[in-house]
Every structure is written in structure tokens, then in C-alpha cells.
Amino acid sequence: MYPTPAQQTALLEQCGHARYVWNLALEQWSMWTHDKGATRGYVKQARQLTEARAEFGWLRAGSQTVQQQALRDFGQAVRNFYAGTHRRPTWRRAGLHEGFRIVGGQASRVVKLNRKWAAVNVPKVGWVRFRLSRAVPDAKSYRITRDRMGRWHLAFAGIPEPIPAPGTGEVVGVDRGILANGWGDMVNRLEHKAAGRVEKVNPAYTSQTCSACGHRAPDNRESQAVFRCVACGHRANADVNAAVNIAAGRAVSARRETPVRVSLKREPQHATST
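Mapping of the sequence shown onto the numbering used here: position 110 corresponds to residue 114, and the numbering continues sequentially without gaps.
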């Protein structure tokens, strides 16, 4: 990104507001004890944020969208911690954690200026130019960060770095389609809407495991596209066979054990082996 000096100052203020709100939510959570009842959720914290914005002009001068998203991000971090998928949320520090996230309708405010340049409308900052490195996606969210060298970066949801090299062919087209659709954010939204019902299945060895009998062997892959079980003779498309295993929650453990197959008509259950 190439913000003007005035925009850089505004962006740093937004980063500071997001960091302040995150740390305040972390402090509340850290001080919670069982005798105090339920922890403060997003709704209560958002109400407190509104009260704080009314009292403090420096906070009110920032974007409410940015500050509310920091609360949502913290809430997700806490849920990830309790689910055992991430570490405990930590304090954010100035000079180290410089960034914020925009989600929703405002994230789609992107215009292409020419072949090399585009601009994104950042709340309370205005239109900030950035250099195009790929086609601008139909973004549902974006993150703005500042590295230790003082350079500003814009990353759209679902598009990781480094940027895949341009190419042609079916595989590259599929990869680009996957990246542009932001599957990581889709998983986060599903976990939010269906808490406790979303399972991330480790795909390891699912392409070598028979979806009919559970036998796993490298020889089961007759070719890149064809699966044929050497134990029971089951034959299927290799990708379809792997998808059936994943849909059934049939991850393979480090001991190369496969859980008993469950009916595909059932809602996927949590795998018993990890």
C-alpha cells in the first residue's frame, strides 16, 4: 500500500484503537473467575465500547467498524483457545502488532484505477492506493498491516502470501478459484453459526484409505485419478473416495489406525482418533 503521510497517521491511529480494544477485552477475560458468572460476550462488550466512545473523544474519532471487529476477532480467538486449536490470546503491543481488519459491505469498496494500481476505501482514512499483484477479488474482508520496516500491506480474505505465480491450465484455474472464495473465512463463519458442530478432519491418508472397508495402503492408488482397494477390490474415483472418508470424519491417526466407518446418512461426528 502507498498511503499519503496524512493517511499513514490515520492508519496508525486505527491500529492503535484496534489494539486498545483487543487488550481491554483480554484484560476483562483474564480477570474473570468462576464466581463472577458468565464472561462478557461480544454484545455486552460492544455496549461498553459505545459508552467508551461517548466518553472519550480520541476513541470516538476512530472507526467504530474497526473497533467492533477487534472485539469479534478477540471473541473468535477465545473460542479457538477453548477448542484447543490455538494458543491463549496474548497482549498486542505497539510497534509489533500494527493492523486491523474490515469485514462486511465496506470490504467491497475497492476500485481498479488502471492495470497496475487500485484503491481501497478505509473507514475514517479515505481512499488508499495499493499496487495490484492479482485481479481484485469480490472481497468479504481485508486486513491492513504495517511491518517493522514501516511498509503497509493489504491482504484480502482467503488469499495467502506468497502470491502464486501466474499460469495457465485447469489446476491453476481451480487453485485461483479456491483462493478467491476465502474458504478459511467460510470455516470461521460456520464455526460461529454452528458452534460445536463443525469438525476439521485431517485429510492425511484419506486418498489411500478405502471408503468401503477402511484398508489403507499406497497401492490402493492405481493412478492419480483411480482408486482400487487391494483388499476388497472397491473401485472409485480417487478424489471421490477421499471425499467420502473426509465426510465421514474418518481421519487416520499417527498409528495408521482408521476409525470404524459411520453411515454417510448421519451428520458427521467427531473422529475418535487424532
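The beta carbon of each residue, even a glycine, is placed where N, CA and C say it ideally should be.
| query | Span of the alpha helix (DSSP H) holding R363? | reply | Absent from the structure is residue 363, since the part of the chain shown begins at 5 and ends at 278.
| task | Could you pull the start and end residues of the beta strand (DSSP E) that Y24 belongs to? | result | In the sequence shown, counting from the first residue as 1, residue 24 sits at position 20. Element bounds for Y24: not the beta strand (DSSP E) but the alpha helix (DSSP H), 9–34.
| Boundaries (first-last residue) of the beta strand (DSSP E) holding Y158 | As a first step, residue 158 must be located in the sequence shown, where it is residue number 154. Strictly speaking, residue 158 in this sequence is Leu, with Tyr absent from that position. Looking at the DSSP string, the run of the beta strand (DSSP E) that includes L158 is 156–160.
| query | Does DSSP put Y146 in a helix, a strand or coil? | reply | Mapped onto the sequence shown, residue 146 falls at position 142. The answer is strand: DSSP assigns Y146 an E or B state.
| What do you reckon, are the CB atoms on Q72 and A50 nearer than 7 Å? | The sequence position of residue 72 within the sequence shown is 68, counting from 1. The sequence position of residue 50 within the sequence shown is 46, counting from 1. A contact, by the Cβ cut-off of 7 Å.
| said: Pop quiz: W131 and A123 are said to be a contact at Cβ under 8 Å. What is the actual Cβ separation, rounded to whole angstroms? | reply: Walking along the sequence shown from the start, residue 131 turns up at place 127. Walking along the sequence shown from the start, residue 123 turns up at place 119. Confirmed, about 4 Å.
| query | Contact between the segment 241–251 and the segment 212–220: three or more CB pairs below 8 Å? | reply | yes
| request: Assuming T149 contacts G99 (C-beta within less than 8 Å), just tell me the rounded distance between them. | output: As a working mapping, residue 149 is identified with position 145 in the sequence shown. As a working mapping, residue 99 is identified with position 95 in the sequence shown. Actually they do not touch by this definition, with Cβ atoms about 13 Å apart.
| task | Report yes or no: do the segment 22–29 and the segment 64–82 share at least 3 C-beta pairs separated by less than 8 Å? | result | Contact between the segment 22–29 and the segment 64–82 is present, because at least three Cβ pairs lie under 8 Å.
| Under 7 Å between the Cβ atoms of V234 and D223? | Here residue 234 corresponds to residue number 230 of the sequence shown, with the count starting at 1. Here residue 223 corresponds to residue number 219 of the sequence shown, with the count starting at 1. In this structure, D223 lies closer than 7 Å to V234 by Cβ.
| Using a Cβ-Cβ cut-off of 8 Å (strictly less than) and excluding sequence neighbours within five positions of L15, which residues of its own chain qualify? | Here residue 15 is taken as the residue at index 11 of the sequence shown, counted from 1. So the list reads P7, V126, V129, V132, I148, R150, W156, once near-sequence residues are dropped.
| field | 8 Å CB neighbourhood of N241 in its chain, flanking five on each side removed | value | If you number the sequence shown from 1, residue 241 lands on position 237. Correct list, in chain order: A229, V230, F231.
| task | Inspect the beta-carbon positions of A159 and S145 and report whether they are closer than 7 Å. | result | Here the question's residue 159 lines up with position 155 in the sequence shown. Here the question's residue 145 lines up with position 141 in the sequence shown. Not in contact: A159 and S145 (Cβ atoms no closer than 7 Å).
| query | When DSSP labels each residue in this structure, what does T213 get in the three-state scheme? | reply | For the purposes of this step, residue 213 is identified with residue 209 of the sequence shown, where counting begins at 1. Looking at T213 - three-state DSSP - the assignment turns out to be strand.
| field | I167 versus N118: straight-line alpha-carbon distance, rounded | value | As a first step, residue 167 is located in the sequence shown; it is residue number 163 there, counting from the start. As a first step, residue 118 is located in the sequence shown; it is residue number 114 there, counting from the start. In this prediction, I167 scores a pLDDT of 39, lower than 50, which makes its location untrustworthy; no coordinate-derived value is stated.
| Does DSSP put M5 in a helix, a strand or coil? | To locate residue 5, count along the sequence shown from 1; it is residue 1. Correct three-state label for M5: coil.
| Relative to the alpha-carbon of A208, which residue among H196, Q80, A221, A198 has its alpha-carbon at the smallest distance? | Position 204 of the sequence shown holds residue 208. For A208, the nearest C-alpha among the options comes from A221.
| request: Buried or exposed for S227, please, with buried defined as at least 16 other CB atoms from any protein chain shown within 10 angstroms of its CB. | output: Here the question's residue 227 lines up with position 223 in the sequence shown. S227 comes out exposed.
| field | Of the listed residues R83, S112, E55, nearest to E195 (C-alpha basis) | value | The residue given as residue 195 occupies position 191 in the sequence shown. E195 has its Cα closest to that of R83, out of R83, S112, E55.
| query | Taking the continuous beta strand (DSSP E) assigned at A123, which residues delimit it? | reply | Residue mapping note: residue 123 aligns to position 119 of the sequence shown, counting from 1. Residues 121–126.
| request: Mind checking which residues open and close the alpha helix (DSSP H) that includes L247? | output: One-based indexing of the sequence shown puts residue 247 at position 243. One point to set straight first is that residue 247 is Ala, not Leu, in the sequence displayed. Start and end: 242–251.
| Segment limits, alpha helix (DSSP H) that includes G79 | Locating residue 79 in the sequence shown gives position 75, counting from the first residue. It spans 68–87 - the alpha helix (DSSP H) in which G79 sits, taken as one unbroken run.
| field | Beta-carbon proximity of G79 to Y46, cut-off 7 Å | value | By 1-based counting over the sequence shown, the position of residue 79 is 75. By 1-based counting over the sequence shown, the position of residue 46 is 42. Yes, these two residues count as a Cβ contact at 7 Å.
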